[in-house]
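Visitor: Residues 0 to 101 (our numbering) are what the sequence shown spells out, left to right. Built from N, CA and C at the ideal position, the CB exists for glycine as well. The structure presented is a predicted model; accordingly, all values stated were derived computationally and were not measured.
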Amino acid sequence: MIPVECYFALSAMLFFIGFFGFVTRRNLIAMLISVELVLNAVDINFAVFNRILFPGQLEGFFFTLFSIGVSAAESAVAIAIIINVYHNFKSDQVNSIENMKW
């Protein structure tokens, strides 16, 4: 049996790697992947807290499945926006979006 602290350490590492990637990257796809890492860290926490607080119930796992579904929808919309930005500006860098006019 893996100790719970290992799951929390994994979740913290995923969160901070995702946060660092989001802050330091200028590529829109890399930023999207970083956001997904942060959301995966949240999903791990949902499952672990469910296992600790309510061992016989599945609420945390249902929250995790709901969060995965929302993440998939968010990724699809974000990729569509990134494709549109690339089509208009011929670049997938954040700097190209700063040039947009009202």
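Can you tell me the Cα-Cα spacing of residue 19 and residue 54, whole angstroms?
Guide: Within the sequence shown, numbered from 1, the residue matching residue 19 stands at position 20. Within the sequence shown, numbered from 1, the residue matching residue 54 stands at position 55. Approximately 33 Å, taken between the alpha carbons.
Visitor: With a threshold of 8 Å on Cβ separation, who are the neighbours of residue 45 within its own chain once the five nearest residues in sequence on each side are excluded?
Guide: As a working mapping, residue 45 is identified with position 46 in the sequence shown. Excluding sequence neighbours, residue 45 sits near 59, 60, 62, 63 and 66.
Visitor: What is the residue span of the alpha helix (DSSP H) that residue 31 lies within?
Guide: On the sequence shown, position 32 is the one that residue 31 refers to. Here the alpha helix (DSSP H) through residue 31 covers 27-52.
Visitor: Taking the alpha-carbon of residue 79 as reference, which of 31, 94, 52 and 48 has the nearest alpha-carbon?
Guide: Taking the first residue of the sequence shown as position 1, residue 79 is located at position 80. Considering only alpha carbons, the answer is 31.
Visitor: Suppose you measure from the CA of residue 13 to the CA of residue 48; what does that come to, to the nearest Å?
Guide: On the sequence shown, position 14 is the one that residue 13 refers to. On the sequence shown, position 49 is the one that residue 48 refers to. So the alpha carbons of these two residues sit roughly 17 Å apart.
Visitor: May I have the straight-line CA-CA distance separating residue 90 from residue 25, to the nearest angstrom?
Guide: The residue you call residue 90 lines up with position 91 of the sequence shown. The residue you call residue 25 lines up with position 26 of the sequence shown. Taking the straight line from one Cα to the other gives about 11 Å.
Visitor: Quick one, are the C-beta atoms of residue 40 and residue 10 less than 8 Å apart?
Guide: Start at 1 with the first residue of the sequence shown, and residue 40 comes out as number 41. Start at 1 with the first residue of the sequence shown, and residue 10 comes out as number 11. Closer than 8 Å, so yes.
Visitor: Should residue 37 and residue 68 be called a contact, given that it needs their Cβ atoms to be closer than 8 Å?
Guide: Position 38 of the sequence shown, counted from the start, is the residue given in the question as residue 37. Position 69 of the sequence shown, counted from the start, is the residue given in the question as residue 68. Taking 8 Å as the Cβ cut-off, residue 37 and residue 68 do not qualify as a contacting pair.
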